[in-house]
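Below: the structure, in C-alpha coordinates.
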Amino acid sequence: MRQVKHLLEAKGRQVFAIEPDRPVLDALKAMAEHRIGALLVMRGGDLVGVISERDYARKVVLFGRASADTPVAEIMSAPVVTVGPDSTVEECMRLCTDRRMRHLPVVERGKVIGVVSIGDLVKAVIDEQAEQIEHLQRYIAS
1 MRQVKHLLEA KGRQVFAIEP DRPVLDALKA MAEHRIGALL VMRGGDLVGV ISERDYARKV
61 VLFGRASADT PVAEIMSAPV VTVGPDSTVE ECMRLCTDRR MRHLPVVERG KVIGVVSIGD
121 LVKAVIDEQA EQIEHLQRYI AS
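Under the UniProt record's numbering, think of the first position of the sequence shown as 1, with each following residue one higher.
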(Lines of atoms letter the chains of each structure in order from A and count residues from 1; the text may use other names and numbers.)
(Lines give C-alpha, C1' and ligand atoms only; values in the text may rest on other atoms or scores of the structure.)
Protein backbone atom coordinates (compact mmCIF):
# COMPACT_ATOMS: atom_id res chain seq x y z
CA MET A 1 0.00 0.00 0.00
CA ARG A 2 1.22 3.47 -0.82
CA GLN A 3 2.24 5.91 1.84
CA VAL A 4 1.33 9.57 2.28
CA LYS A 5 4.82 10.66 1.20
CA HIS A 6 4.15 9.07 -2.21
CA LEU A 7 0.91 11.03 -2.59
CA LEU A 8 2.68 14.28 -1.69
CA GLU A 9 5.42 13.55 -4.23
CA ALA A 10 2.75 13.25 -6.92
CA LYS A 11 0.44 16.10 -5.93
CA GLY A 12 2.88 18.51 -4.36
CA ARG A 13 3.29 19.88 -0.89
CA GLN A 14 1.57 23.21 -1.30
CA VAL A 15 -0.36 24.20 1.81
CA PHE A 16 -3.00 26.91 2.00
CA ALA A 17 -3.53 28.45 5.42
CA ILE A 18 -5.19 31.30 7.24
CA GLU A 19 -4.67 32.91 10.64
CA PRO A 20 -7.26 32.18 13.36
CA ASP A 21 -8.17 35.85 13.91
CA ARG A 22 -9.08 36.48 10.25
CA PRO A 23 -12.77 36.67 9.30
CA VAL A 24 -14.46 33.58 7.91
CA LEU A 25 -15.21 35.54 4.74
CA ASP A 26 -11.46 35.69 4.01
CA ALA A 27 -11.24 31.93 4.43
CA LEU A 28 -14.12 31.40 2.00
CA LYS A 29 -12.51 33.68 -0.55
CA ALA A 30 -9.21 31.78 -0.26
CA MET A 31 -10.94 28.41 -0.65
CA ALA A 32 -12.78 29.65 -3.74
CA GLU A 33 -9.63 31.17 -5.22
CA HIS A 34 -7.62 27.98 -4.78
CA ARG A 35 -10.56 25.67 -5.56
CA ILE A 36 -10.16 23.74 -2.32
CA GLY A 37 -12.57 22.65 0.41
CA ALA A 38 -10.50 23.45 3.49
CA LEU A 39 -7.71 25.61 4.84
CA LEU A 40 -5.27 24.94 7.61
CA VAL A 41 -5.48 27.44 10.45
CA MET A 42 -1.97 28.46 11.45
CA ARG A 43 -0.69 30.75 14.16
CA GLY A 44 2.86 31.47 13.08
CA GLY A 45 4.22 28.05 12.18
CA ASP A 46 1.85 26.19 14.50
CA LEU A 47 -1.15 24.26 13.25
CA VAL A 48 -4.11 25.19 15.47
CA GLY A 49 -7.11 24.04 13.43
CA VAL A 50 -8.75 23.37 10.10
CA ILE A 51 -11.62 25.33 8.57
CA SER A 52 -13.73 23.67 5.90
CA GLU A 53 -16.78 24.43 3.82
CA ARG A 54 -18.63 22.06 6.14
CA ASP A 55 -17.60 24.14 9.19
CA TYR A 56 -18.95 27.22 7.45
CA ALA A 57 -22.25 25.61 6.55
CA ARG A 58 -22.83 24.12 10.00
CA LYS A 59 -21.46 26.87 12.22
CA VAL A 60 -22.12 30.10 10.35
CA VAL A 61 -24.98 29.66 7.89
CA LEU A 62 -27.20 27.53 10.14
CA PHE A 63 -26.80 29.95 13.04
CA GLY A 64 -27.30 33.10 11.00
CA ARG A 65 -23.84 34.44 11.80
CA ALA A 66 -22.09 36.98 9.57
CA SER A 67 -19.06 35.67 7.65
CA ALA A 68 -17.40 39.07 7.73
CA ASP A 69 -17.71 39.40 11.52
CA THR A 70 -16.97 35.84 12.66
CA PRO A 71 -13.31 34.95 13.25
CA VAL A 72 -12.03 31.67 11.84
CA ALA A 73 -11.05 30.56 15.37
CA GLU A 74 -14.72 30.44 16.40
CA ILE A 75 -15.73 27.86 13.80
CA MET A 76 -12.55 25.92 12.99
CA SER A 77 -12.24 22.25 13.85
CA ALA A 78 -9.72 21.64 16.62
CA PRO A 79 -7.77 19.81 17.85
CA VAL A 80 -6.48 18.68 14.48
CA VAL A 81 -6.02 15.04 13.56
CA THR A 82 -2.77 14.71 11.60
CA VAL A 83 -0.84 11.97 9.88
CA GLY A 84 2.83 11.48 9.13
CA PRO A 85 4.51 10.93 5.76
CA ASP A 86 4.92 7.21 6.52
CA SER A 87 1.21 6.69 7.20
CA THR A 88 -0.43 4.38 4.69
CA VAL A 89 -3.31 5.29 2.43
CA GLU A 90 -5.34 2.59 4.19
CA GLU A 91 -4.68 4.14 7.62
CA CYS A 92 -5.70 7.56 6.31
CA MET A 93 -8.87 6.19 4.72
CA ARG A 94 -9.80 4.58 8.03
CA LEU A 95 -9.19 7.87 9.89
CA CYS A 96 -11.28 9.87 7.43
CA THR A 97 -14.10 7.34 7.61
CA ASP A 98 -14.08 6.88 11.39
CA ARG A 99 -13.77 10.59 12.18
CA ARG A 100 -15.91 11.78 9.24
CA MET A 101 -13.19 14.10 7.97
CA ARG A 102 -12.13 14.99 4.46
CA HIS A 103 -8.72 16.62 4.98
CA LEU A 104 -5.63 15.37 6.81
CA PRO A 105 -2.67 17.65 7.45
CA VAL A 106 0.64 15.83 7.10
CA VAL A 107 3.12 16.67 9.85
CA GLU A 108 6.77 15.70 10.12
CA ARG A 109 8.91 16.69 13.11
CA GLY A 110 6.26 19.17 14.23
CA LYS A 111 6.07 20.94 10.85
CA VAL A 112 3.21 20.80 8.35
CA ILE A 113 4.55 19.40 5.07
CA GLY A 114 1.32 18.95 3.14
CA VAL A 115 -2.33 17.98 3.16
CA VAL A 116 -4.09 14.92 1.76
CA SER A 117 -7.80 14.89 1.04
CA ILE A 118 -10.24 12.04 0.82
CA GLY A 119 -10.13 12.59 -2.97
CA ASP A 120 -6.36 12.05 -2.99
CA LEU A 121 -6.82 8.84 -1.01
CA VAL A 122 -9.59 7.49 -3.25
CA LYS A 123 -7.49 8.24 -6.34
CA ALA A 124 -4.54 6.35 -4.82
CA VAL A 125 -6.73 3.31 -4.12
CA ILE A 126 -8.17 3.36 -7.66
CA ASP A 127 -4.69 3.70 -9.18
CA GLU A 128 -3.37 0.81 -7.10
CA GLN A 129 -6.33 -1.39 -8.06
CA ALA A 130 -5.79 -0.58 -11.75
CA GLU A 131 -2.12 -1.61 -11.42
CA GLN A 132 -3.10 -4.89 -9.76
CA ILE A 133 -5.66 -5.63 -12.49
CA GLU A 134 -3.07 -4.92 -15.17
CA HIS A 135 -0.56 -7.26 -13.50
CA LEU A 136 -3.18 -10.02 -13.19
CA GLN A 137 -4.20 -9.63 -16.84
CA ARG A 138 -0.57 -9.91 -17.93
CA TYR A 139 -0.10 -12.98 -15.73
CA ILE A 140 -3.20 -14.67 -17.12
CA ALA A 141 -2.21 -13.83 -20.71
CA SER A 142 1.30 -15.27 -20.34
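Note that CB positions come from ideal geometry on N, CA and C, so glycine has one too.
field: Among E91, C96, M93, M42, the one whose alpha carbon lies nearest that of V72
entry: Here the question's residue 72 lines up with position 72 in the sequence shown. Just measuring C-alpha positions, the residue of E91, C96, M93, M42 sitting nearest V72 is M42.
- request: Mind reading off the beta-carbon distance from S77 to G49? Whole number of angstroms is fine, and I expect it under 8 Å.
  value: Residue numbering aside, residue 77 sits at position 77 when the sequence shown is read from its first letter. Residue numbering aside, residue 49 sits at position 49 when the sequence shown is read from its first letter. The Cβ separation is near 6 Å, so the contact holds.
query: Taking all protein chains shown into account, do 16 or more other C-beta atoms lie within 10 angstroms of the C-beta of V61, making it buried, or fewer, making it exposed?
result: As a position in the sequence shown, residue 61 is number 61, starting the count at 1. Result: exposed.
field: R137 (DSSP reduced to helix, strand or coil)
entry: Here residue 137 is taken as the residue at index 137 of the sequence shown, counted from 1. Position check: residue 137 holds Gln in this sequence, whereas Arg was assumed. For Q137, the secondary structure class from DSSP, reduced to helix, strand or coil, is helix.
task: Leaving out five residues on either side along the sequence, give the residues of the same chain with a beta carbon under 8 Å from the beta carbon of R22.
output: Looking up residue 22 in the sequence shown gives position 22. Close CB contacts of R22 within its chain, under the 8 Å cut and outside five residues either way in sequence, are with P71, V72 (chain order).
- prompt: Is it the case that the Cβ atoms of V125 and V116 are separated by a distance below 9 Å?
  reply: Along the sequence shown, one-based indexing puts residue 125 at 125. Along the sequence shown, one-based indexing puts residue 116 at 116. It is not a contact, given that the beta carbons lie outside the stated cut-off.
query: Where P85 and K59 are concerned, what is the direct C-alpha to C-alpha distance, given to the nearest angstrom?
result: Within the sequence shown, the letter at position 85 stands for residue 85. Within the sequence shown, the letter at position 59 stands for residue 59. Straight-line Cα distance between these residues: approximately 31 Å.
task: Label I18 either buried or exposed according to how many other C-beta atoms from any shown protein chain fall within 10 Å of its C-beta, with 16 as the threshold for buried.
output: What you label residue 18 is simply residue 18 of the sequence shown in a count that begins at 1. A residue is called buried when at least 16 other Cβ atoms come within 10 angstroms of its Cβ; I18 meets this threshold and is buried.
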